[in-house]
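Novice: Numbering (the numbering used here), first residue to last: 1288 to 1770. A single structure is presented below for examination.
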Ligand code: HEC
Ligand code: HEC
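See below:
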């Protein structure tokens, strides 16, 4: 197996981790000794140290680090599809830079919800940006940002690259700094849809926030830019114009992962069949994942990386070999995807660290003042009491320990999306960090615009007889999670 790509970050990482770990150990030991002498620490902390289990924690740190690199920067070889087959890079570069059409300026990129990682920008560029000296209407600037690996979830490939030692100082810019002039391909990462930035520098430009759903991102509009959509059209058995129409129907914050499995682009009411991008944080301790409970994190990660992103690797799910429920997938053989040489599998070797990183991402707490604390406290009592929500949303994961799945009729909605997944159920959504994804609405398709709409739905469906104050208290509680 070629381990070149894999070894670089770990090796450098170890150097940094050894130093950092040493410092941490010294501090912890001092604090523990002083603390336990004063009787301040529970015995288990002292015990863990005495048992010499530190290698477990070292391994955990290494896995989290490598998982973060994978989540942020690994394309799994999918540039052969996005650049190689669809020629998306040509539309981004534009005719003036060797591509086709007008190109994608930073202004356009930000308008379709792409985000810029401020930590990847050199100081000089930051001051030029602040001074308004950077042309944000020129696609050449987008190319420069891609060279810096500053566009979250998108990697540009250039005609020349050089290996760069990744140190703590230049982290998180990537190890292969591109030096060529011509954009030759483009690939995407998990971070495209499941990361955003904190807007600390400017709207759309800031520090990365991994695991947050990017509800500004218009995935369909971006894919529709590709000069060649024939591979998707052929797969779906339609023409390219139809594919473009479907892509433009998704709207911001949405993607239709099931389209390439069942070919269904619209619901019976003619609205788009796309679903909201969910967060990828707060998932540890949760059994079934995705809106319709396709499986575990590792199942879905493999499905997405291989079938949706078109990374290179092995994927196996015999449930897709069902020509009634998944006609497109069954015909295309998506249930059993291989690489001719197992050593060319770019995804499977990353699966463990990728899963580990996602499980390490906790749901972020809401900022102080973003909800009414006393109302939230009353809402908490209603949630577990009169409103009966905790029957399904069990604290503190707000989903059921066990098989967290329900028939559409149990929550009073139609079965369209549930029927597009093997078990025909809706998964009880974990509610931690709800405040981070209020844009785009709630439930799998955003059918409820606000949390009050969600509560109103339950009030009617379960006949809860909630007063308007009680409804408001529940909403404040939902906004407070995971406080
Ligand atoms: C193009 C946007 C996009 C990309 C890229 C993407 N995802 Fe997703 N992700 C989604 C959407 C949409 C869903 C919901 C799918 C569904 O329920 O049918 C989802 C669901 C998930 C879930 C389930 C979350 C939950 O609530 O249980 C996880 C975990 C996840 N993605 C991780 C990843 C990882 C890891 C990658 C990279 C290998 C990735 N995603 C790439 C859009 C994306
Ligand atoms: C019978 C089980 C059940 C009960 C009871 C229940 N829920 Fe849910 N809840 C679900 C399921 C399943 C979903 C996912 C729906 C979907 O994806 O379309 C969900 C989704 C949600 C969402 C949307 C999450 C998101 O990410 O969009 C919120 C908010 C919510 N529930 C709050 C509540 C509140 C408040 C109550 C009590 C009034 C409640 N739920 C009662 C099963 C339940």
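Glycine is no exception: its CB is placed at the ideal position from the N, C-alpha and C atoms. Everything numeric in this text was worked out from a predicted model, so none of it was measured.
(1) Could you check the C-alpha separation between residue 1724 and residue 1623 for me, to the nearest Å?
(2) DSSP three-state call for residue 1635: helix, strand or coil?
(3) Which residues mark the beginning and the end of the beta strand (DSSP E) in which residue 1441 is found?
(4) Which first and last residues belong to the alpha helix (DSSP H) in which residue 1375 is found?
(5) Going by the DSSP bridge assignment, what does residue 1404 pair with across the sheet?
(6) Residue 1526: buried (16+ other C-beta within 10 angstroms of its C-beta) or exposed?
(7) From residue 1399 to residue 1479, what does the alpha carbon distance come to, in whole angstroms?
(8) Determine the DSSP secondary structure at residue 1759, reduced to helix, strand or coil.
(9) Provide the residue span of the alpha helix (DSSP H) that contains residue 1433, from first to last.
(10) Is residue 1419 helix, strand or coil by DSSP?
(11) I want to know whether the region 1430–1443 touches the region 1470–1490 - three or more CB-CB distances under 8 Å.
(12) Count the C-beta pairs between the region 1681–1689 and the region 1570–1585 that are closer than 8 Å, then say yes if the count reaches three, no if not.
(13) Closer than 7 Å: is that where the CB of residue 1715 sits relative to any heavy atom of ligand 2?
(14) List the whole-angstrom C-beta distance separating residue 1640 from residue 1357, where the pair is believed to meet the contact cut-off of C-beta under 8 Å.
(15) Answer yes or no: the CB of residue 1576 versus the heavy atoms of ligand 1, is any distance below 7 Å?
(16) Note down the Cα distance separating residue 1726 from residue 1628, rounded to an integer number of angstroms.
(17) Could you spell out where the beta strand (DSSP E) holding residue 1579 opens and where it closes?
(18) Below 8 Å on the Cβ atoms is my contact criterion, and I expect residue 1564 with residue 1500 to pass it. Report the Cβ-Cβ distance as a whole number of Å.
(19) Taking all protein chains shown into account, decide if residue 1637 is buried (16 or more other Cβ within 10 angstroms of its Cβ) or exposed.
(20) Just verifying my parser: in three-state terms, what is the DSSP assignment at residue 1473?
(21) Three-state secondary structure (DSSP) at residue 1649?
(22) For residue 1559, does the three-state DSSP call read helix, strand or coil?
(23) Suppose you measure from the CA of residue 1489 to the CA of residue 1393; what does that come to, to the nearest Å?
(24) Which of the three DSSP states is assigned to residue 1411 in this structure?
(25) Let me know if residue 1461 comes out buried or exposed under the rule of 16 or more other beta-carbons within 10 Å of its beta-carbon.
(26) Might you give, ordered along the chain, the residues of its own chain that have their beta carbon closer than 6 Å to the beta carbon of residue 1508, omitting 5 neighbours on each side?
(27) Just checking, does the region 1360–1373 make contact with the region 1592–1606 on the three C-beta pairs under 8 Å criterion?
(28) Grab the span of the beta strand (DSSP E) containing residue 1482 for me, first residue to last.
(29) Cβ atoms of residue 1472 and residue 1370: under 8 Å apart, would you say?
(30) Please list, in chain order, all residues of the same chain as residue 1580 whose beta carbon is under 8 Å from its beta carbon, the five residues on each side excluded.
(31) Between which residues of its own chain and residue 1380 is the CB-CB distance below 7 Å, once the five residues before and five after are set aside?
(32) Could you check what DSSP says for residue 1499 in three-state terms: helix, strand or coil?
(33) Any chance the CB of residue 1675 is under 7 Å from a heavy atom of ligand 2?
(34) Can you find the residues in the same chain that come closer than 6 Å, C-beta to C-beta, to residue 1530, ignoring five residues on each side of it along the sequence?
(35) Using beta-carbon positions only, say whether residue 1744 and residue 1699 come within less than 8 Å of one another.
(36) Look at the Cβ atom of residue 1670, then the Cβ atom of residue 1766, and state whether they are nearer than 8 Å.
Specialist: Based on what the coordinates show:
(1) 34 Å
(2) helix
(3) 1441–1445
(4) 1375–1380
(5) 1493
(6) exposed
(7) 12 Å
(8) helix
(9) 1426–1434
(10) coil
(11) yes
(12) yes
(13) yes
(14) 6 Å
(15) yes
(16) 43 Å
(17) Neither: residue 1579 is in no beta strand (DSSP E) and is coded neither H nor E.
(18) 4 Å
(19) buried
(20) strand
(21) coil
(22) strand
(23) 13 Å
(24) helix
(25) Since pLDDT at residue 1461 reaches only 43, below the 50 mark, its modelled position is unreliable, and no value is offered.
(26) 1399
(27) yes
(28) 1482–1484
(29) yes
(30) 1691, 1692, 1708, 1710, 1712, 1713 and 1714
(31) 1386, 1390, 1426, 1430 and 1470
(32) coil
(33) yes
(34) 1516, 1519 and 1520
(35) yes
(36) no
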